[in-house]
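The block underneath contains the structure these notes are about, expressed in structure tokens.
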Amino acid sequence: MTLVIKIGGAAGTVTENIIHEIAQLVAEGQRLVLLHGGSDLTNTLSQRLGHPVRTITSPSGMVSRYTDRETLRIYAMAVAGQINTELVALLQQ
35 MTLVIKIGGA
45 AGTVTENIIH
55 EIAQLVAEGQ
65 RLVLLHGGSD
75 LTNTLSQRLG
85 HPVRTITSPS
95 GMVSRYTDRE
105 TLRIYAMAVA
115 GQINTELVAL
125 LQQ
């Protein structure tokens, strides 16, 4: 069986405890897929790059990020360029 673990993208969601628990599962032979978000870093990078965060609100009140090409590029920078590499480094310690 493969365990799927989702770590959100808000600031402070990756903690030493979570990394330790994931490493322990792997050491015990557990197969897993680790998913992570990147919303907080994407917002920060967007602002630094002068590309304001845009949101849309559904009729029911759900707020979502409006993702144009530039936002998608910034998201890829955040999750693939920084968050993923940091998670891999932490798990390899």
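So the sequence shown is numbered by the numbering used here: it starts at 35 and just counts up by one.
Ideal Cβ placement from N, Cα and C applies to all residues, glycine included.
Identify every residue that forms a DSSP beta bridge with H85. DSSP output for H85 lists no bridge partner at all.
What residues in its chain sit with their C-beta under 8 Å from that of I108, if we drop five residues either side in the sequence? T76, L79, S80, L83, H85
According to DSSP, H70 sits in a beta bridge with which residue or residues? I41
For V97: DSSP bridge partner residues: T91
8 Å Cβ shell around V67 - same chain, five flanking residues per side excluded: T36, L37, V38, I39
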